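A.B. asks: Numbering (this note's numbering), first residue to last: 825 to 1054.
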Ligand code: DX5
Ligand code: ZN
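(1) Should the region 932-946 be called in touch with the region 831-842, which here means at least 3 C-beta pairs below 8 Å?
(2) Could you tell me the alpha carbon to alpha carbon distance between residue 851 and residue 958, rounded to whole angstroms?
(3) Please go through the region 939-995 and give each complete beta strand (DSSP E) segment of 3 or more residues, from N-terminal end onward.
(4) Compare the C-alpha of residue 930 against each of 1006, 1043, 901 and 948 and name the closest.
(5) Looking only at its own chain, which residues have a Cβ that is under 7 Å from the Cβ of residue 869, when we skip the five neighbours before and after it?
(6) What's the gap between the Cα of residue 881 and the Cα of residue 841?
(7) In the DSSP assignment, find the unbroken beta strand (DSSP E) run with residue 893 in it and report its ends.
(8) Give the list of continuous beta strand (DSSP E) stretches no shorter than 3 residues that lie fully inside the region 859-884.
(9) Give me every residue whose Cβ sits closer than 5 Å to any heavy atom of the ligand ZN, in chain order.
(10) What residues are listed by DSSP as bridge partners for residue 935?
(11) For residue 874, which residues of its own chain have a beta-carbon under 8 Å away from its beta-carbon, when the five flanking residues on both sides are left out?
(12) Under 7 Å from any heavy atom of the ligand DX5, does the C-beta of residue 842 make it?
(13) Would you call residue 995 buried or exposed, if buried means 16 or more other Cβ atoms sit within 10 Å of its Cβ?
(14) For residue 922, which three-state DSSP category applies?
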């Protein structure tokens, strides 16, 4: 699967959100990552469906909505109508996870399921074959600019094997602390979809920042292939 680089607009200049999104698209981004926080499930507060609707016309790229909210279900229809392409929900925030995923599908959107760093891979067992994406958090959600939590690398390898066993084209995304220095190991472990906030929006040149991430991911994926071959 071709690697996907998804800039997280959490680190963008909110006063110029439409222009920031257009700028990362022009700089070579594959998806736009939209972080929704509620000051309940996570200790921070961001934006809702109205902001998604406002930015939607500013890009042709897929918008990947990461819901860090609890409860979730009542918001799904609103984000779907506002223009999400894929909606991800946390297992920790969904007591009826299957129902939440069914709601996303019923609204015609792709589904993602998210695990916090402390949540074991086994939490995916009963839902994996039906989802389009698994997101493994590589920081505790809530803030941009945190450090990559290295023990999650083992979980990336485990989930890579689980996805391969389904035979389905399920993406394996990571989110948090992704930089040119960390992306290679994550790609070698089996991640193929990379969210990056500060590593892109904190850079002077978004194009260079995205290209550096892409090079790091390709190097890591190559190393992974080599390791499998021996
Ligand atoms: C964390 C968010 C991330 C965040 C990543 O709670 O889900 O998407 O913006 O930011 P960086 O890349 O700076 O760690
Ligand atoms: Zn996110």
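From the three backbone atoms N, C-alpha and C, an ideal C-beta is built for every residue, glycine too.
Predicted, not measured: the structure shown is a model, and the values here were computed from it.
C.D. replies: In terms of the structure at hand:
(1) no
(2) Here the question's residue 851 lines up with position 27 in the chain shown. Here the question's residue 958 lines up with position 134 in the chain shown. In a straight line, the C-alpha of residue 851 is about 26 Å away from that of residue 958.
(3) 957-961
(4) Translated into positions along the chain shown, residue 930 becomes position 106. Closest by alpha carbon: 901.
(5) Stepping through the chain shown from its first residue, residue 869 is reached at position 45. Answer for residue 869: 861, 862 and 863, listed in chain order.
(6) The sequence position of residue 881 within the chain shown is 57, counting from 1. The sequence position of residue 841 within the chain shown is 17, counting from 1. Distance between the alpha carbons of residue 881 and residue 841: 12 Å.
(7) By one-based count along the chain shown, residue 893 stands at place 69. Run containing residue 893: none; DSSP gives neither H nor E here.
(8) none
(9) 859, 890 and 999
(10) The residue given as residue 935 occupies position 111 in the chain shown. Its beta-bridge partners are 911.
(11) Translated into the one-based positions of the chain shown, residue 874 becomes position 50. Excluding sequence neighbours, residue 874 sits near 906.
(12) Along the chain shown, read from residue 1 onward, the residue named residue 842 stands at position 18. No, Cβ of residue 842 sits at least 7 Å from all heavy atoms of the ligand DX5.
(13) Residue 995 sits at position 171 when you count from the first residue of the chain shown. Under this definition residue 995 is a buried residue.
(14) Taking the first residue of the chain shown as position 1, residue 922 is located at position 98. The answer is helix: DSSP assigns residue 922 an H, G or I state.
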